[in-house]
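Structure, as structure tokens:
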Amino acid sequence: DYPNPSFNQIELDLKRTFPNLKSHATPEREGEMRHVLYAYAKRNPTIGYCQGMNFIAAMLLQELEEEEAFWVLCQLIESLLPLDYYTIMTGIIIDQ
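To convert, take the position in the sequence shown, counting from 1, and add 10; that gives the working numbering.
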């Protein structure tokens, strides 16, 4: 692995993801979320990781296996959301 600034933020957010839900507060689920989010940060370094992706990954992992959750996350971010949704935060500002 190489140093990636996204990895530090992912680690901080893993424990913040639905901390009161027993289904998410397991080392196994935390590891699955880590794998999905690290893989996405490596796949798309332009976006990397943004806060909130952890909740999307957690919800996907409730219904899908790790690899499927990763590919659905890719499609959500890269195909369904506008191109500048994460890069210049226009989409997030509009959603507020």
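Note that beta-carbon positions come from the ideal geometry of N, C-alpha and C, so glycine has one too.
Asked	Found
Option nearest Arg26 by Cα separation, candidates Pro13, Arg44, Pro15	Arg44
Identity of the residue in Pro55, Arg53, Val46 nearest Met63 by Cα	Val46
Cβ-based burial, Ala35 [other Cβ within 10 Å; buried from 16]	exposed
Glu75, enclosing alpha helix (DSSP H) - first and last residue	That residue, Glu75, is in no alpha helix (DSSP H); it is neither H nor E in DSSP.
CA nearest to the CA of Gln61, picked from Glu21, Asn14, Pro13	Glu21
Local Cβ density within 10 Å of Gly41, reported as buried at 16 or more and exposed below that	exposed
Through-space distance from Phe80 to Tyr48, alpha-carbon basis	10 Å
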